[in-house]
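One structure is given here, and the rest of the page talks about it.
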Amino acid sequence: MATDDAIQRANFAFYQAFLDRDLAAMDRVWALRLPVLCIHPGAAPLAIREQVLASWHDILTNPRSPMLEHRVESILHFGDVALLTCYEWNKAQPDAVLLATNGFALENGVYKMILHHAGPVHHSAVPGPTPPKPRIH
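Residues in the sequence shown are numbered consecutively from 13, following the working numbering.
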């Protein structure tokens, strides 16, 4: 049975790998044997692990890649699978908010990512506290 703490740790590891630009950590986040699906904003679905990791290589090695912040909105449990909805935004452009669904499933007793799907959402649709706006002198 899924626990929020274990799911939150797995989700945090994903975002930390992104922030750290850590390809090895990103590799460890994703499931090895379970089916995976990754849909980046505006891109076609990737359902082969090697393609998913290649896409993260391209993102994490791109010097223009955003420094993402995130906020978990909800967690849904389905036995050994959990789905999280998260709001994501670039620190430099907090009005450009994405809504992501991240899926995790138990693989050898550890929650591993099986799904990441992110797409734009209008800033006014973000409930609760919104990302901080950058200060201008």
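The beta-carbon is built from N, C-alpha and C at its ideal position, and this holds for glycine as well. Just so it is clear, the structure is predicted and the values come from calculations on it, not from any experiment.
* To do: Return yes when the Cβ of residue 80 is within less than 8 Å of the Cβ of residue 97, no when it is not.
  => The beta carbons of residue 97 and residue 80 sit no closer together than 8 Å.
* Between which two residues does the beta strand (DSSP E) carrying residue 87 extend? -> First-last of the beta strand (DSSP E) with residue 87: 80 to 90.
* To do: Please report the residue range of the beta strand (DSSP E) in which residue 126 lies.
  => It spans 122 to 132 - the beta strand (DSSP E) in which residue 126 sits, taken as one unbroken run.
* **Where residue 43 sits in the DSSP three-state scheme** => Reduced to three states, the DSSP call for residue 43 is coil.
* To do: Could you tell me how far apart the beta carbons of residue 43 and residue 124 are, in whole angstroms, since I believe they sit closer than 8 Å?
  => Separation of the CB atoms of residue 43 and residue 124 is rounded to 4 Å, and the pair is thereby assigned contact status at 8 Å.
* Would residue 23 pass as a contact of residue 114 if the rule is Cβ separation under 8 Å? -> Going by C-beta atoms, residue 23 is nearer than 8 Å to residue 114.
* Please go through the same chain and pick out, in chain order, the residues whose beta-carbon is closer than 6 Å to the beta-carbon of residue 68, but skip the five residues on each side of it. => These residues qualify, in order along the chain: 38.
* Asked: Which value, in whole angstroms, describes the spacing of the CA atoms of residue 54 and residue 28?
  -> Using only the alpha carbons, I get a separation of about 23 Å.
* Asked: Per DSSP, what kind of secondary structure is residue 34 in: helix, strand or coil?
  -> Residue 34: coil per DSSP, three-state reduction.
* **Range of the contiguous alpha helix (DSSP H) that encloses residue 64** => Residue 64 -> alpha helix (DSSP H) spans 61 to 72.
* Asked: What do you reckon, are the CB atoms on residue 130 and residue 52 nearer than 8 Å?
  -> Cβ atoms of residue 130 and residue 52: closer than 8 Å.
* Asked: Do you know whose CA, among 116, 117, 105, lies nearest residue 132's CA?
  -> Of the candidates 116, 117, 105, the one whose C-alpha sits nearest the C-alpha of residue 132 is 105.
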